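Student: To start, I am sharing the structure in question, which I have written as structure tokens.
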Amino acid sequence: MQAGQDTPGGSGGRAAGAPSAELAATAAATDWEYAPAPESRDIVTIAPEYGLFLNGEFTPAADGGVLETVNPATEEPLARVAEAGPADVDRAVAAARAAYEHVWGPMPGAERAKYLYRIARLLQERSREFAVLESLDNGKPIKESRDVDIPLAAAHFFYHAGWADKLEHAGFGPSPRPVGVAGQIIPWNFPLLMAAWKLAPALAAGNTCVLKPAETTPLTALLLAEVCQQAGLPPGVVNVLTGAGETGAAVVAHPGVDKVAFTGSTEVGKQIRRTVAGTGKRLTLELGGKAANVVFDDAPVEAAVEGIVNGIFFNQGHVCCAGSRLLVQESVADAVVDRLRSRLSTLRLGDPLDKNTDIGAINSRPQLEKIRDLSDAGDAEGAERWSPPCQLPDRGYWFPPTVFTGVSQSHRIAREEIFGPVLSVLTFRTPEEAVTKANNTPYGLSAGVWTDKGSRILWLSQQLRAGVVWANTYNRFDPTSPFGGYRESGFGREGGRHGLAAYLDA
Ligand code: NAI
Ligand code: MG
């Protein structure tokens, strides 16, 4: 294999006992000075205050509630947004119901499609604005918001626009009908993209929506509301209620909601399932994960290392399908971990708006504390922590890319979702052992496999209990491809033909 191959920093050796001198040499040899390359924030105008998007208009919360969203990279307040209370949820559901019955439900699919295409095109036209706003509010690198979040959000609207007039040919019977009013609650890790995942299939199928963005990242959903206005979307078809958990709970419990779609923590998913039980409401849950990324001894090491880095350090590891458990075959473990360490030493952490930044800010203080607690548990339970030398900014919420080796299956860092830039490395000897370890989790959202053998990919992907299995790649998303989990990762699929099923009564 490529292990032992010479690298610029001379880190190809396997001096596992003395990694630090070697890494220092690597760092010195590759310590390129990058000039700052910040994306201008002038493209986006952030209002000091935002209302709820209700029946096509922005309006304050009935009880005057507001909450503040900050830039997690600087802790600077960005805007105050309305916090929706029960009266606002009533108003939003009533608006969505009226739009469903009188406008959107009866509208021919070909007409609905035009609005979805329009939204998709507006997202493309305003993509820089969305990317900058997403990075400011969420802390993710502009490289990711610009190249992943925003283009994929537009792609979801384009893709579902194509379905709107073809639903009777989608295999759901001759005349599938929309479900009605959808209550949709989304998290902060991919704010605009999750809004698109929820809204686009619901609207294509003829439903109307009450969307509740996460409290730390409401701004791109509000800009999307503005895009809905710009696209001439009839009032009430999309309503955006900003607020925190209580607002979400009120949407879920509202008797006028026919379908609930949730992405977020397993804990809240369980609460929602209890609330919805026995009401006849439809439910899909996309929850946490603790995915295994399995590297066999015949895998191309350089490619696997890129996949490992992408799997766990993309979006600061705030990814439900993150490859947070690296399972590497014992015979190549030292070589893979060496390469991984030298690769991590080249990542740049810092200003999310800088185009060269690889690792941005942690989204919130509570999330940072959770990452710290779980990492400390890793130390306490005897795993070995490693991070590349890296200077954290003084202000804001930051955590360095971190790798734990010597992890055993019983460690909390091997069992619990950390949702941060922290990788736990475990080893295996045989393919059977890889399967057993990979499946030893209450979750079942995703997995990765790295090997040269097609037959092994097919065999392993059938053994793994995960909704998505990536082979020789990781974190690859496409609106045509269904995504979703098993067990504590939730149920239901989003994307593709399968995703439409959640929004149709066949
Ligand atoms: P969370 O599940 O509390 O938040 C997700 C969304 O649900 C937010 O919009 C929130 O306002 C809303 N929400 C909170 N309580 C609710 C309730 N009782 N009823 C209805 N909606 C409610 O997640 P949180 O606290 O932000 O993160 C905690 C952990 O959850 C993370 O550390 C991570 O492990 C996991 N998580 C998983 C995500 C995923 O993509 N699967 C996304 C976000 C968090
Ligand atoms: Mg924020």
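Here our numbering is used: position 15 in the sequence shown is 13, and no number is missing along the way.
Think of the CB as a built atom: it goes at the ideal place given N, C-alpha and C, for glycine as much as any other residue.
Please read all numbers here as calculations on a predicted model, not as lab measurements.
1) Note down the Cα distance separating W102 from W161, rounded to an integer number of angstroms.
2) Consider the C-beta atom of L222 and the heavy atoms of the ligand NAI; say whether any pair is separated by less than 6 Å.
3) Helix, strand or coil: how does DSSP classify N136 here?
4) Between the alpha carbons of A251 and K279, how many angstroms are there, rounded?
5) If you count every other CB in all the chains shown that lies within 10 Å of the CB of R474, and 16 or more means buried, which is it?
6) Alpha carbon to alpha carbon, what distance is there between L347 and G358?
7) Is the Cβ-Cβ distance between C90 and N205 less than 7 Å?
8) Hey, would you say A159 sits closer than 7 Å to Y115, going by beta carbons?
9) Would you mind sorting I310 into buried or exposed? The rule is 16 or more other CB atoms within 10 Å of its CB.
10) With a cut-off of 8 Å, do at least 3 Cβ pairs link the stretch 366 to 384 to the stretch 404 to 418?
11) Thinking G305 and T471 are a contact (beta carbons under 8 Å), I'd like their distance in whole angstroms, please.
12) Go ahead and pull the three-state DSSP assignment for P189.
13) With distances taken from CA atoms, which of P440, A469, N437, G446 is nearest G452?
14) Are the Cβ atoms of E415 and K288 separated by less than 7 Å?
15) Count the C-beta pairs between the stretch 433 to 450 and the stretch 281 to 301 that are closer than 8 Å, then say yes if the count reaches three, no if not.
16) Is V68 near the ligand MG - that is, is its Cβ less than 6 Å away from at least one heavy atom of it?
17) Reducing DSSP to helix, strand and coil, say where A80 ends up.
18) Given a cut-off of 7 Å, decide if N354 and N136 are closer than it, judged by their beta-carbon atoms.
19) With W161 as the anchor, note down where its alpha helix (DSSP H) starts and where it stops.
20) What distance in whole Å lies between the Cβ atoms of S444 and A505, which are believed to be in contact at a cut-off of 8 Å?
21) Let me know the secondary structure DSSP gives Q227 once reduced to three states.
22) With distance defined between alpha-carbon atoms, name the residue in R427, R78, L458 nearest to P216.
23) When the Cβ atoms of the stretch 90 to 99 are set against those of the stretch 133 to 151, are three or more pairs found closer than 8 Å?
24) Per DSSP, which residues does W102 bridge with? Please list them.
25) Start and end of the alpha helix (DSSP H) containing T245?
26) Assuming W457 is part of the beta strand (DSSP E), what are its boundary residues?
27) Should F170 and L502 be called a contact, given that it needs their Cβ atoms to be closer than 7 Å?
28) Do you know how far the Cα of R341 is from the Cα of A151?
29) Once DSSP output is grouped into helix, strand and coil, what is the label at E516?
30) Quick check on DSSP: helix, strand or coil for L366?
31) Starting from the C-beta of V401, find all residues in its chain whose C-beta is less than 6 Å away, skip the five residues before and the five after it, and write them out in chain order.
32) For N438, name the three-state secondary structure that DSSP assigns.
33) DSSP on E284, reduced to helix/strand/coil?
34) I think R363 touches Y395, with their Cβ atoms under 8 Å apart; what is that distance to the nearest whole Å?
35) According to DSSP, is F481 part of a helix, a strand, or is it coil?
36) Closest to Y98 by CA distance: which of P185, T72, P232 is it?
Tutor: So, from the data block:
1) 15 Å
2) no
3) helix
4) 10 Å
5) exposed
6) 6 Å
7) Note that residue 90 corresponds to Ala in the displayed sequence, not to Cys. Their beta carbons are not under 7 Å apart, which means A90 does not touch N205 by this criterion.
8) yes
9) buried
10) yes
11) 6 Å
12) helix
13) A469
14) yes
15) yes
16) yes
17) strand
18) no
19) 148 to 161
20) The shown model of the chain, from -1 to 504, leaves out residue 505, and the question about it has no answer.
21) helix
22) R78
23) no
24) Answer by DSSP bridge pairing: none, since W102 is not bridged.
25) 243 to 251
26) Premise fails: W457 lies in the alpha helix (DSSP H), 452 to 461, not in any beta strand (DSSP E).
27) yes
28) 30 Å
29) In this structure the chain extends from -1 to 504, so residue 516 is not present and cannot be described.
30) helix
31) W384, L421
32) coil
33) strand
34) 6 Å
35) strand
36) P232
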